[in-house]
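In mature numbering (1 follows the signal peptide of the UniProt record, and there is no 0), the protein residues as written are -21 to -1, 1 to 416.
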């Protein structure tokens, strides 16, 4: 199973080396980059006193795994073996008969006022359990997080890389007609559940950004009448404006990987450059000095470089520079305009928005600008953000017409598995936070 999924991940990265997928009892069929999902069975977890939560937790785990596009659930109606007790021995022949390659067995109970989930993962064709059984617990109010954590463990065991299900996304919730759009900050689970509003719609808010720890948010607010950067504590929803230079406007902020500094755009006298300051608001340092508009900065994961957009060449393009300043190097050279670059948490790719031929695209390229690949195309796609493991990109898609609106979508880095985030209504400017502790 591990060999199978590692080959799948290699294909998603558009690299060679499929021999590993052809060894052993498990395999993957690849046709021009299309991956055959791994068929798995997830019998309803055994209810050991948790009632309706047992079914709910089972289904969230299934939705997480199947939603990746790498796994395909075999319907429970096709199962031959049934589990009335968690420790029931696995009848591998029964699961081979329905072509299951992985089996997840679990139970949900209550202990000390907490929901307890225990589970095991089996490789059907090798006839062995993958890793030891595991047990996780959480409060009844956090049952969805508990299900996401179980799915993260299973995903990690099979793929060899961390999951992304137990994470949150901060975004701008939108309502009302296009010419009177109401906007407020909101936070949701990665799948659109548990939406919580952090601000009201009394002022325009833009481009929220999570801190590396997920405990704070930077965003642009117009509450003073001009764009200003504000930092909010997620737990208390309290915030404060960061210091400003009189006569300037500040916007497009983003945390450094260690959370100790902020890079942002500052406009003064019609000129926009990049600056960096301490997270406490002191020690502002100018990073660029150009008559061009330079904005949308994003740190590399090691904190050594910054990628940003600039029109210094005459059109909107992507540049990379050392974090302490220095001559930027242009990395985008395809047809059209490039903007909103964001460095992958893996450090290997940069996601971006591209405008060409009257359409908008979400794409990725290597950090030197090579191997550009466009993942989506529509009337208006923009503002990519990376999942914590660098495997999935979330972005905003705007539909045309007077009745059109903004909605959040995700796509994996091969351009497969495009899907909308349901249940959140109008939404834009997403930023994915880290895995929760």
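Backbone N, C-alpha and C define an ideal beta-carbon position, used for all residues, glycine too.
Keep in mind the model is a prediction, meaning the values are calculated, not measured.
Practice prompt. Please name the residue or residues paired with residue 312 in a DSSP beta bridge.
Written response: Per DSSP, none; premise fails for residue 312.
Fill in: Reduced DSSP category for residue 293 - H, G, I as helix; E, B as strand; rest coil
Three-state result, residue 293: coil.
Fill in: Neighbour-count burial assignment, residue 401, 16 or more Cβ in a 10 Å radius
With fewer than 16 other beta carbons inside 10 angstroms of its own, residue 401 counts as exposed.
Practice prompt. For the stretch 147 to 225, list the beta strand (DSSP E) runs that are entirely contained and at least 3 residues long, ordered along the chain.
Written response: Secondary structure remark: continuous beta strand (DSSP E) runs of at least 3 residues inside the stretch 147 to 225, in chain order: 161 to 168, 184 to 189, 195 to 200, 207 to 212, 218 to 220.
Practice prompt. Would you check if there are 3 or more beta carbon pairs closer than 8 Å linking the stretch 309 to 325 to the stretch 288 to 299?
Written response: Touching, yes.
Discussion item. With a threshold of 7 Å on Cβ separation, who are the neighbours of residue 226 within its own chain once the five nearest residues in sequence on each side are excluded?
Written reply: Sequence-distant Cβ neighbours of residue 226 in its own chain, meaning closer than 7 Å and more than five residues away, are 247.
Fill in: Residue interval of the alpha helix (DSSP H) (run including residue 35)
Here the alpha helix (DSSP H) through residue 35 covers 31 to 46.
Fill in: Proximity below 8 Å, CB of residue 114 to CB of residue 97
Pairing residue 114 with residue 97 gives a Cβ-Cβ distance under 8 Å.
Fill in: Rounded straight-line distance, which links the Cα of residue 251 to that of residue 19
Annotation: residue 19 to residue 251 spans about 52 Å, alpha carbon to alpha carbon.
Discussion item. Is the separation between the beta-carbon of residue 328 and that of residue 341 shorter than 8 Å?
Written reply: The Cβ atoms of residue 328 and residue 341 lie no closer than 8 Å to each other.
Practice prompt. Specify the secondary structure class of residue 351 as computed by DSSP and reduced to three states.
Written response: Residue 351 falls in the coil class under three-state DSSP.
Fill in: Residues near residue 323 by beta carbon distance below 6 Å, same chain, minus five either side
Counting only Cβ-Cβ distances below 6 Å, and skipping sequence neighbours, we find 365, 369.
Discussion item. Run through the DSSP bridge pairs and tell me what residue 23 is partnered with.
Written reply: Its beta-bridge partners do not exist; DSSP assigns none.
Item to complete: Classify residue 413 as helix, strand or coil using the three-state DSSP reduction.
Response: The DSSP-derived three-state label of residue 413 is strand.
Practice prompt. Go ahead and pull the three-state DSSP assignment for residue 419.
Written response: In the structure as shown, the chain starts at -21 and stops at 416, and residue 419 therefore has no counterpart that could be examined.
Worksheet item: DSSP on residue 257, reduced to helix/strand/coil?
Response: Of the three classes helix, strand and coil, the one that applies to residue 257 here is strand, per DSSP.
Discussion item. Assuming the contact rule is C-beta atoms closer than 8 Å, residue 164 and residue 178 should be a hit. Round their C-beta distance to whole Å, please.
Written reply: At roughly 4 Å, the Cβ-Cβ gap stays under 8 Å, so residue 164 and residue 178 are in contact.
Worksheet item: What's the C-alpha gap between residue 306 and residue 371?
Response: Each residue's Cα considered, the two are about 31 Å apart.
Discussion item. For a test of the three-state rule: what should DSSP assign to residue 403, helix, strand or coil?
Written reply: Annotated three-state conformation of residue 403 is coil, per DSSP.
Worksheet item: Among all the DSSP beta bridges, which residues are the ones paired with residue 301?
Response: Per DSSP, the beta bridge partners of residue 301 are 284.
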